[in-house]
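**Student:**
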Amino acid sequence: MTSDNLVYFIALPLFSAALLMLLGRKADKWGHLFATAVSASTFVIGVMEFLAMRDRAEESRAVTQKLFTWISVGDFNVDAGLLLDQLSIAFVLLITGVGTLIHVYSIAYMSEDRDRRRFFSYLNLFIAAMLLLVLGDSYLNLYVGWEGVGLASYLLIGFWNQKPEYATAAKKAFVANRVGDFGLSIAVMIAFANFGAVSFVGIEEKVGGASETALTAMGLMLLLAATGKSAQFPLQAWLGDAMAGPTPVSALIHAATMVTAGVYLITRSNFVFDNAPNAQLAVVIIGAITLLFGAIIGTAKDDIKKALAASTMSQIGYMIMATGFGPAGYAFAIMHLLTHGFFKAGMFLGAGSVMHGMNDEVNMRRYGGLAKFMPITAITFGLGYLAIIGVPPFAGFYSKDKIIETAFNAGGAQGIIFGSTALLGAIITAFYMTRVMMMTFFGNKRWADDAHPHESPFLMWAPMAVLAVGSVTSGYLLYNGKAIVNWLAPVVDPHHHEHTELLPPIVVSALAVGAVLIGVGIALAKYRGELAANAPQDVSVFTRVARRDLLQDDANEFLFMRPGQKLTEVLVKTDDKVIDGVVRGVAASTLGSARGMRKLQTGYVRNYALLILLGALAALVAILVVTL
Amino acid sequence: MTFQAPSLEYGALAPMLVIFGAAVIAVIVEAFISAKHRSAIQLAIALGAVVLSFAQVLNLRGTATATAATNSVVVDGPVLFMQGTILVLAFFAFLLLADTDAFAAQASAIPGSSEERVALQTGKIQTEIYPLTLFAVGGMMLFPAANDLITLFVALEVLSLPLYLMAGLSRRRRLLSQEAALKYFLLGAYSSAFFLFGAAFLYGYAGDVSLSSIGAAVNGGGTNEAFLLIGMISLSVGLLFKVGAAPFHAWTPDVYQGAPTPVTAFMAAATKVAAFGAMLRIFYVALGGAVWTWKPLITAVAILTMVVGSVIAIAQRDVKRMLAYSSIAHAGFLLTGVLALSQEGLESALFYLATYGFSTLGAFALVTLVRDSSGEVTDLNRWVGLAKRSPGVALLFATFLLSFAGIPLTAGFIGKFTIFTAAYDSGNIAVVVAGVLSSAIAAFFYIRVIVMMFFTDAQDDTVTVTIPSLYTNLTIWIAAIATIVLGVFPAPLLDAIASLAVFVR
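As given, the protein sequences belong to chains A and B, one line each in that order.
Under my numbering, think of the first position of the first sequence as 15, with each following residue one higher.
Under my numbering, think of the first position of the second sequence as -14, with each following residue one higher.
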């Protein structure tokens, strides 16, 4: 089916972004309201499309729209086209829904900032790019959106770029993403070389004829792209620093939507991964490593936003791992992605609300006992907390439980290893989230002297409340009657695989709940009493390592930066001595001949005329000699 | 003796008639309207004529190709495309010319004389530039459409004579300007002699001046091979002179440097379209049968032109001279399209001409903006660090340079790519290799200028960038947008050319 409406998803926010940027200060008075209205209208269109889609028969649910012929070179044709199917509508609703809530929240949060209009313009730009990412019907169109969200993310992380370290954080995110984007571009090239097509449909048709090597290579490159955008090991280091951006940005881009683009990419490319088991295994391993990695970092962070960022990394690790299990896991990855979108965005907004009341303090060691002073924040944050650690019947329980179950069901040693990893991750998650909860809202007051905590205004807590409702209900709604599984089946699992069961579901659920209890128990035991306002320094080496983000920056420095610098030095020397020598020689001789030839340019007409005559005679003689 | 009036197909000739008619009216306006109103009226006439003529071209687009004026003019797809291109370029060139500051108030006044000062102070500024340009445009439109050697020669002179005068009209550095005009005139006359000489020999060979008859004679195996060879070479010299191909290029830098910059822009962009149009027709229609004779010659000229243009450009210290050598190098690249002697070659050459025309117009228009108290600053050393003071100007200039260099996402890349592909497909590997190598050399000096503008600190504060008039601004921006758009979405124009470009034989 085709539709003419899809283009509005991208055109509206893009227009709004451009308008606010072009009008400049003139739009200061109403820019934020306009941007919010535009974001809300994309959400409305999304809901309409969803309802219409639901009413159609399963096989005709996907709609497409061709915008224009983008590239047409010989046999190679790429249309700029959009595709809205069961998978992309889920993302559209998440992006526009959560996006709109965060627009509303930002109206109040950014009200003191004189560049609020610019901020909203960037937010709209992000919405447009993210929607293009999930609506593009080919890897090339997706790539445009992929770069677009990267740009928006860069602009928003560095929004307060008057602080050099914030600008540096933006740059770091940019560089890490560049490595991933490189992977995506190679994947597109592999696709084109092997299939002669870059559209999802085109590749899916021809995937049967491709060699497994090619598919594995493409899968690994897609995985590299995913690790960059979704802050997965080994390209995870940028996410913590990205918290330099305003908190609504952290909620929208670095928790709910953009960082999940890697999950989308892998799910969308299911036809590649399903035929490349080795690439799938790599996906699972990367996911498993990251989910532990993020969780461990989360236990040691005192900065509330960085703790939540580490948690985001870890939760996306769960999703990535789930996608690696193939058709059995895609639906649960997406389900966790959606529930995570609610509770993590809600908690980030909660963190923003706390900061708002505490003079932008982010150190949890300076919080404590805030539940009494900001009850709404505490309750909405608390509901998100219950959701993320996986307490039934909150949202995270259903989605995480299913991922753990899928991991165990992978079979053999793999099933046991990855299942246990996921369980271990659940214990640590429960631990560090309880720690965040305790340090922020309970315990003794450790405030700075000038802190006067107060509840945030309505425009801020209303979105938090809506997201909290989602944190409570979304899991059950998506899980009930296998709603999400059946909904996505035509996209990700067209052949309806049957899965083996290692452990009965009820046992897995019991294990998961047990893991939560263990984690919460340890945390309560540790953080129940009085806490010091300064982080203790006499801690074990493990804590120190965890505080340093498990040495991720040191590793990058040791593995890439230092050798890179050394290599650069050597190259500069070689360049100077060897290459430049040759080049200078060539340049000098070229310049010499240029100067020589320039002598012909005397400025005298008689010389020019002679040159013409000689040229003509030479031509004549040459031709006559050759021909006659 | 009875005299038969020639039949004139006014419809097919309409685009040219509009321009020539407007030129005549402009001469009358120059004589009778007071100086105060003249320049506005002249500009209106010129722009109106160009637009009207362009409408005629569009109007003719759908009709079947036809010969007109007793077979001396042919109106076919390529001609219409080139006429359209020339008109669009002329439109923007007129906008540049409207900046009368560049021109001498009274060309007849002796440089530096009191007469000249008085003329400037009292605003008695002559605007003969408009009718002159209109005549040149008319000649340029006729040149590629000419179907016999006589019309060809008439068109050549109609387009050249005004240009000789226009080159001498610069308000500043008038001696240099007048020297350029005189040089251009002498050498132009000299090359016209070659052209006529060649025409006479070809007539001797074929017994007819029409291109199709010559083509038929060549294919049928004429009587006197030597006449054909001498005629062909002499005729080529005349044409190669006009496009500025080595070794007939020596006038180009001197004239480009001396002429008022708006005139240089027009000359560089539009003359090249017209001259290559005529050259394509002559080689494809009249001399296509003798390709094995002229191909080695033109190949050698093409290679020499690319190398000379690219290499000497490196040693230039003056931005207008640098652009002049760049235009020489581009003439070489265009010759590779002529050499291909295929449908592809024709199409790619037409595309290249259009893109090159826009970038050239924009680049020279930008040169008019960079000034100090005594006028334009063309010394490249004083462009150093321009980006710090005027990032916009530097960025736009960089865009045009990147297009000249053929960097992807600019029109120049698509142009080079298609033209080299056509040359390669025709089996002419040598010229492609030379083309790619000289492109690399050329890229060096384009990028050197960009580096100078952006990454070197300025030492000279006297250089300013004038706020461009609306007209100049419009030209620059349209040229820049065209350069980028044709680089990113070349398909529509390429398709349009493909649907048009078949020569009538």
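All C-beta atoms, glycine included, are put in the ideal place defined by N, C-alpha and C.
Quantities reported herein were computed from a predicted structural model and do not represent experimental measurements.
For Glu361(B), which of helix, strand or coil comes out of DSSP?
**Tutor:** Along the second sequence, one-based indexing puts residue 361(B) at 376. If DSSP states are grouped into helix, strand and coil, Glu361(B) belongs with the strands.
**Student:** Applying the 10 Å Cβ sphere with the 16-neighbour rule, what's the burial state of Gly210(A)?
**Tutor:** On the first sequence, position 196 is the one that residue 210(A) refers to. That one is exposed.
**Student:** Find the nearest neighbour of Ile403(A) within the set Gly382(A), Gln428(A), Ile430(A) and Leu437(A), judged by alpha-carbon distance.
**Tutor:** The count along the first sequence starts at 1 and reaches residue 403(A) at position 389. Measuring from the Cα of Ile403(A), the nearest candidate turns out to be Leu437(A).
**Student:** By how many angstroms is the C-alpha of Ala184(A) removed from the C-alpha of Phe574(A)?
**Tutor:** Position 560 of the first sequence, counted from the first residue, corresponds to residue 574(A). Position 170 of the first sequence, counted from the first residue, corresponds to residue 184(A). If I take the Cα positions, the gap works out to 19 Å.
**Student:** Just to confirm before moving on: does the CB-CB distance between Pro27(A) and Asn138(A) stay below 9 Å?
**Tutor:** Here residue 27(A) is taken as the residue at index 13 of the first sequence, counted from 1. Here residue 138(A) is taken as the residue at index 124 of the first sequence, counted from 1. Yes, they are a contact pair.
**Student:** To the nearest angstrom, report how far apart Gly439(A) and Gly410(A) are at their CA atoms.
**Tutor:** For the purposes of this step, residue 439(A) is taken as residue 425 along the first sequence, with counting starting at 1. For the purposes of this step, residue 410(A) is taken as residue 396 along the first sequence, with counting starting at 1. Spanning the two alpha carbons is a distance of roughly 13 Å.
**Student:** Pick helix, strand or coil for Phe339(A), following the three-state DSSP scheme.
**Tutor:** Translated into positions along the first sequence, residue 339(A) becomes position 325. Look at Phe339(A) here: in three-state DSSP terms it is coil, with no helix or strand label.
**Student:** How would you label Thr107(B), buried or exposed, when you count the other beta carbons within 10 angstroms and need 16 or more for buried?
**Tutor:** Taking the second sequence and counting its residues from 1, the one referred to as residue 107(B) is at position 122. Per the 10 Å Cβ criterion, exposed.
**Student:** Any beta-carbon of chain B closer than 9 Å to the one on Ser325(A)?
**Tutor:** In the first sequence, residue 325(A) corresponds to position 311, counting from 1. For Ser325(A), the answer is no, since every Cβ of chain B falls outside 9 Å of its Cβ.
**Student:** Any beta-carbon of chain B closer than 9 Å to the one on Met611(A)?
**Tutor:** Taking the first sequence and counting its residues from 1, the one referred to as residue 611(A) is at position 597. Yes, contact with chain B.
**Student:** Quick one: measure Cβ to Cβ for Pro406(A) and Val527(A), integer angstroms, because I've assumed they're closer than 8 Å.
**Tutor:** As a first step, residue 406(A) is located in the first sequence; it is residue number 392 there, counting from the start. As a first step, residue 527(A) is located in the first sequence; it is residue number 513 there, counting from the start. The Cβ separation is near 7 Å, so the contact holds.
**Student:** Does DSSP classify Gln328(B) as helix, strand or coil?
**Tutor:** The count along the second sequence starts at 1 and reaches residue 328(B) at position 343. If DSSP states are grouped into helix, strand and coil, Gln328(B) belongs with the helices.
**Student:** Out of Thr588(A), Arg128(A) and Phe64(A), state which residue places its alpha-carbon closest to the alpha-carbon of Gln100(A).
**Tutor:** Residue 100(A) sits at position 86 when you count from the first residue of the first sequence. Ranking the options by Cα distance to Gln100(A), first place goes to Phe64(A).
**Student:** Are any of the Cβ atoms in chain D nearer than 9 Å to that of Thr256(B)?
**Tutor:** No chain D is part of this structure, whose protein chains are labelled A and B.
**Student:** Put Trp44(A) into one of helix, strand or coil per three-state DSSP.
**Tutor:** Looking up residue 44(A) in the first sequence gives position 30. It is coil, neither helix nor strand.
**Student:** To the nearest angstrom, report how far apart Leu485(B) and Met126(B) are at their CA atoms.
**Tutor:** Here residue 485(B) is taken as the residue at index 500 of the second sequence, counted from 1. Here residue 126(B) is taken as the residue at index 141 of the second sequence, counted from 1. If I take the Cα positions, the gap works out to 17 Å.
**Student:** Taking the alpha carbon of Ala336(A) as the reference point, which residue from Ala269(A), Leu352(A) and Val297(A) has its own alpha carbon closest?
**Tutor:** Along the first sequence, read from residue 1 onward, the residue named residue 336(A) stands at position 322. Considering only alpha carbons, the answer is Val297(A).
**Student:** What's the C-alpha gap between Gly216(B) and Val417(B)?
**Tutor:** Looking up residue 216(B) in the second sequence gives position 231. Looking up residue 417(B) in the second sequence gives position 432. Their backbone Cα atoms lie some 28 Å apart in a straight line.
**Student:** I believe Val112(A) touches Thr271(A) by the beta-carbon criterion, under 8 Å. Please report the beta-carbon distance rounded to the nearest angstrom.
**Tutor:** Against the first sequence, residue 112(A) aligns to sequence position 98. Against the first sequence, residue 271(A) aligns to sequence position 257. About 7 Å; that satisfies the 8 Å criterion.
**Student:** Mind listing the chain B neighbours of Ala41(A)? Cutoff is C-beta to C-beta under 7 Å, in chain order.
**Tutor:** Residue mapping note: residue 41(A) aligns to position 27 of the first sequence, counting from 1. Going along chain B, no residue has its Cβ under 7 Å from Ala41(A), so there is no contact; the nearest lies around 23 Å.
**Student:** Do the region 176 to 193 of chain A and the region 64 to 77 of chain A make contact, defined as three or more Cβ pairs closer than 8 Å?
**Tutor:** no
**Student:** Rounded to whole angstroms, what is the Cα-Cα separation between Val35(B) and Ala75(B)?
**Tutor:** The residue given as residue 35(B) occupies position 50 in the second sequence. The residue given as residue 75(B) occupies position 90 in the second sequence. Whole-angstrom Cα-Cα distance: 7 Å.
**Student:** Kindly indicate the opening and closing residues of the beta strand (DSSP E) around Thr441(B).
**Tutor:** Sequence index remark: in the second sequence, residue 441(B) carries index 456 (1-based). Unbroken run through Thr441(B): none, as it is neither H nor E.
**Student:** Could you pull the start and end residues of the alpha helix (DSSP H) that Val194(B) belongs to?
**Tutor:** Here the question's residue 194(B) lines up with position 209 in the second sequence. That residue, Val194(B), is in no alpha helix (DSSP H); it is neither H nor E in DSSP.
**Student:** Quick check: the region 171 to 186 of chain B against the region 216 to 230 of chain B, are at least 3 beta-carbon pairs closer than 8 Å?
**Tutor:** yes
**Student:** Tell me whether Trp462(B) sits in a helix, a strand or coil according to DSSP, three-state version.
**Tutor:** What you label residue 462(B) is simply residue 477 of the second sequence in a count that begins at 1. Note: Trp462(B) maps to helix in three-state DSSP.
**Student:** Beta-carbon of Tyr175(B) versus every beta-carbon of chain A: anything under 9 Å?
**Tutor:** For the purposes of this step, residue 175(B) is taken as residue 190 along the second sequence, with counting starting at 1. It does; some Cβ of chain A falls within 9 Å.
**Student:** In whole angstroms, what is the alpha-carbon distance linking Leu229(A) and Ile417(A)?
**Tutor:** In the first sequence, counting from the first residue as 1, residue 229(A) sits at position 215. In the first sequence, counting from the first residue as 1, residue 417(A) sits at position 403. So the two alpha carbons sit approximately 25 Å from each other.
**Student:** How is Thr451(B) classed by DSSP in three states: helix, strand or coil?
**Tutor:** Along the second sequence, one-based indexing puts residue 451(B) at 466. Three-state DSSP puts Thr451(B) in coil, outside helix and strand.
**Student:** Sorted by chain position, which residues of the same chain lie with C-beta nearer than 7 Å to Phe346(A)'s C-beta, five sequence neighbours on each side aside?
**Tutor:** Translated into the one-based positions of the first sequence, residue 346(A) becomes position 332. The answer, listed in chain order, is Ala336, Ser413, Lys416, Ile417 and Thr420.
**Student:** In chain order, what residues of the same chain lie with their CB nearer than 7 Å to the CB of Met232(A), ignoring the 5 residues before and after it?
**Tutor:** Walking along the first sequence from the start, residue 232(A) turns up at place 218. Excluding residues within five positions, the ones whose Cβ falls inside 7 Å are Ala201, Ile204, Ala205 and Val286.
**Student:** Would you report the Cα separation of Ala64(B) and Leu33(A), rounded to the nearest angstrom?
**Tutor:** To locate residue 64(B), count along the second sequence from 1; it is residue 79. To locate residue 33(A), count along the first sequence from 1; it is residue 19. Note on identity: in this sequence residue 64(B) is Val, with Ala being the wrong assignment. C-alpha separation (whole angstroms): 43 Å.
**Student:** Please work out which residues of its chain come closer than 8 Å, Cβ to Cβ, to Val545(A), disregarding the five sequence neighbours upstream and downstream, and give them in chain order.
**Tutor:** Along the first sequence, read from residue 1 onward, the residue named residue 545(A) stands at position 531. As written in the sequence, residue 545(A) is Leu, which differs from the Val given in the question. Counting only Cβ-Cβ distances below 8 Å, and skipping sequence neighbours, we find Arg379, Gly382, Met453, Gly457, Asn458 and Arg460.
**Student:** Is Ile637(A) close to chain B? Criterion is C-beta to C-beta, closer than 9 Å.
**Tutor:** Taking the first sequence and counting its residues from 1, the one referred to as residue 637(A) is at position 623. Yes, because at least one Cβ of chain B sits closer than 9 Å to the Cβ of Ile637(A).
**Student:** With respect to the alpha helix (DSSP H) encompassing Val376(A), which residues constitute its N-terminal and C-terminal limits?
**Tutor:** Counted from its first residue, the first sequence places residue 376(A) at position 362. Unbroken run through Val376(A): none, as it is neither H nor E.
**Student:** Any beta-carbon of chain B closer than 9 Å to the one on Tyr157(A)?
**Tutor:** Numbered from 1 along the first sequence, position 143 holds the residue referred to as residue 157(A). False, the Cβ-Cβ gap to chain B never drops below 9 Å.
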